[in-house]
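> Take this structure first; my questions come after.
Residue numbers (this note's numbering), protein chains in the order written: chain W, 47 to 392; chain G, 47 to 392.
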């Protein structure tokens, strides 16, 4: 009897697990697993939020993470390419930070395996935040008593304030940036009116045309892969007039990272969650509207001349992937008394 | 008997009024009266908060009000002068938006009478937010459905979306940006340990030296005057080496507005509330630390060579004017579906 009960329990646990993994294949999990060396804690999340919004991570105090990945809206700046210090323009369009935690590789070309690794890039990039060195960032953080205190609280130890820990805190905050409960998710959960008829037609076009060959899974960004193993596709894959019109092949993509010719013009497949909110589109932000982006993708990836009705339907489907944005309290950035870290900047 | 009761009531009302006006002469009121044509409402405050944080009020989507008046910290950018679109530098240091609602004139030179009038400046300033015209701002706001809806809700009528109403909403939000309950305020209210002994010594130096001749009243920005009537002083008033060292006279101040020689190098007296948090100092942000700012003021305004002990004490007093910053929820900026207002910008 006891044995039977135990077996039943096991069986029902297995069924629950199965159900949960079936669901997670199509919908967005509400929690992102953190890496073993950076478990998520409230202290790190709060510190990471402050760092994310702090323009003092840029050399002249004008650019924060949020400048290009605006959490008050789409998690992007909705510009073709971003603007860093001194009005400098970057080469690629800022990807959204919302749900980035679900990706197995970061940046358009997957050159960072983790959120932690990604967060270390922009502060030192000379056309983004322009800090001269990791040491300079750490020195600045150490000059702000409220940060010193919080780094100690979040990480402990005498070297709590470090560039690595800065990245860990930012990554911990980013793991909270999830937009669940889209119309699509509610539709899948059984709420049949959550998606309009047009959106449902668009879902069929999306699936029958083969868009979901790459934009698969709960994040519509490809299969679940181990962290660091990105899911890459060539874009454009098929020659068309769009290539010239939107200069799609000019940037060599992942080839620039690996120098492997097999990676020429390959890109990490981006999520389609909230895609209706993140115009303009593609790695160079060259396409201004979502309907045109759908046409370009159909032609360059699937060789299809998609008709206007189908475009509209797919756009309606993609809109159903807009999620619920969580309420966030505004961080209070720790002050320095009597002087400013960027007070001597011209 | 009835008459007597009535007289007593009147007398006690007068006493209360007197008490309240005595208190309000030294501490910060917790509510700012709004102008008759723009009563504060929750709808305007919420709309104004979104507008304040929205970089789409700048032509290329990179600069919001908050970029230079950072509400997550001191209400300034803590830079000598601010950075607008295309990395352009402004000529004057951004004044804090905290408690600006208590000033009877806005901008360093008082060229705007009200918060409403002030808010209309930066969006059209070519080196700040760079919008080409009021009409262009209104057109952009009209292209964002969430704004159209909220303008209607806040202002009613068919021309609810207007440049004037944008400014009114921003001003309504700014009237909530008050930092009450500083150590100084709590000290005045009877909490004798709220100010350190050093801060109390500094208070005496501040008063006995005559700093409070100009930095008077609850906002330490001069006497209460009708809106539009700014309280101006010449700075520097007395010649010294500081003038050359920090280029204090280069900017002609209010003279640039009135072209009246009597206004040469005159400036609206700024509040000292949170002054310890808003380095660097003065209209050109040329002085990097508060202690040096105290020395400069003593010399150029009062002709005093203040000793180091007094400087430290005054700085401690000024720190006691740091207020409590209210909790604010992060606004969610209204999205546009499928396209971006700044998607075609280079």
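Yeah, the Cβ is synthetic: ideal placement off N, Cα and C, and Gly gets one too.
Using only alpha-carbon positions, find the residue among 324/G, 203/G, 243/G that is nearest to residue 122/G.
The option with the nearest alpha carbon to residue 122/G is 324/G.
> Please report the residue range of the beta strand (DSSP E) in which residue 196/G lies.
From DSSP, residue 196/G is part of no beta strand (DSSP E) but of the alpha helix (DSSP H) over 191 to 201.
> So which residues on chain W does residue 126/G lean against when the C-beta distance must stay under 8 Å?
By Cβ distance, chain W contributes 389, 390, 391, 392.
> The beta strand (DSSP E) with residue 278/W in it runs from where to where?
Unbroken beta strand (DSSP E) run through residue 278/W: 278 to 280.
> I'd like to confirm the pairing. Which residues does DSSP put opposite residue 393/G in its beta bridges?
Any question about residue 393/G goes unanswered here, given that chain G covers just 47 to 392.
> At 4 residues or longer, and completely inside the stretch 161 to 239 of chain W: list those alpha helix (DSSP H) runs for me, N to C.
161 to 165, 167 to 170, 180 to 188, 191 to 201, 209 to 220, 229 to 234, all fully within the stretch 161 to 239 of chain W.
> So, does the CB of residue 334/W fall closer than 8 Å to a CB anywhere in chain G?
Yes, its Cβ sits closer than 8 Å to a Cβ of chain G.
> Which term fits residue 341/G, buried or exposed, when burial requires 16 or more other beta carbons within 10 angstroms of its beta carbon?
Counting Cβ neighbours within 10 Å, residue 341/G comes out buried, since at least 16 surround it.
> Going by beta carbon distance, what residues of the same chain come within less than 8 Å of residue 163/G, once the five residues before and after it are set aside?
Around residue 163/G: 152, 213.
> Given 8 Å as the limit, is there contact between the stretch 116 to 131 of chain W and the stretch 91 to 110 of chain G, that is, 3 or more CB pairs closer than that?
Result yes; three or more Cβ-Cβ pairs closer than 8 Å.
> Between residue 133/W and chain G, is any beta-carbon pair separated by less than 8 Å?
Yes, residue 133/W lies at the interface with chain G (some Cβ there is under 8 Å from its Cβ).
> Report the CB separation of residue 326/G from residue 126/G in whole angstroms; it is logged as a contact under 8 Å.
Residue 326/G to residue 126/G, Cβ: 5 Å. Contact.
> Measuring only between beta-carbons, confirm whether residue 322/G sits less than 8 Å from chain W.
At least one chain W Cβ lies under 8 Å of residue 322/G.
> Along the chain, where does the alpha helix (DSSP H) containing residue 246/W start, and where does it finish?
Per DSSP, residue 246/W belongs to the alpha helix (DSSP H) from 243 to 255.
> Distance check for residue 377/W and residue 184/W, CA to CA, integer angstroms please.
So the alpha carbons of these two residues sit roughly 20 Å apart.
> Would residue 123/G count as contacting chain W if we go by Cβ distances under 8 Å?
Chain W, which has a Cβ nearer than 8 Å to the Cβ of residue 123/G, makes this yes.
> At what residue ranges does the stretch 324 to 355 of chain G contain a whole run of the alpha helix (DSSP H), taking only runs of 4 or more?
Whole alpha helix (DSSP H) segments, 4+ residues: 336 to 348.
> So, helix, strand or coil for residue 134/G, using DSSP?
Coil.
> Here's the rule I'm using: 16 or more other beta-carbon atoms within 10 Å means buried, otherwise exposed. How should residue 137/W be labelled?
Label assigned to residue 137/W: exposed.
> Give the straight-line distance between the Cα atoms of residue 154/G and residue 188/W, rounded to the nearest whole angstrom.
Their Cα atoms are separated by approximately 33 Å.
> So, is the C-beta of residue 378/W closer than 8 Å to a C-beta in chain G?
Answer yes: the Cβ-Cβ gap between residue 378/W and chain G drops below 8 Å somewhere.
> For residue 152/W, which residues does DSSP report across the bridge?
Per DSSP, 158/W.
> So which residues on chain W does residue 99/G lean against when the C-beta distance must stay under 8 Å?
Chain W residues near residue 99/G: 118.
> Along chain G, which residues have their Cβ under 7 Å away from the Cβ of residue 326/W?
In chain order: 386, 389.
> For a cutoff of 8 Å on Cβ pairs, would you count residue 108/G as touching chain W?
Chain W contact via Cβ: present.
> 8 Å is my cut-off, CB to CB: does residue 273/G come that close to chain W?
Chain W, which has no Cβ nearer than 8 Å to the Cβ of residue 273/G, makes this no.
> Can you give me the Cβ contacts of residue 295/G inside the same chain, cut-off strictly under 7 Å, excluding the 5 residues immediately before and after it?
Correct list, in chain order: 282, 289, 311.
> State the Cα-Cα distance for the pair residue 249/W and residue 359/W, rounded to the nearest angstrom.
Distance between the alpha carbons of residue 249/W and residue 359/W is about 8 Å.
> Alpha carbon to alpha carbon, what distance is there between residue 220/W and residue 276/W?
If I take the Cα positions, the gap works out to 19 Å.
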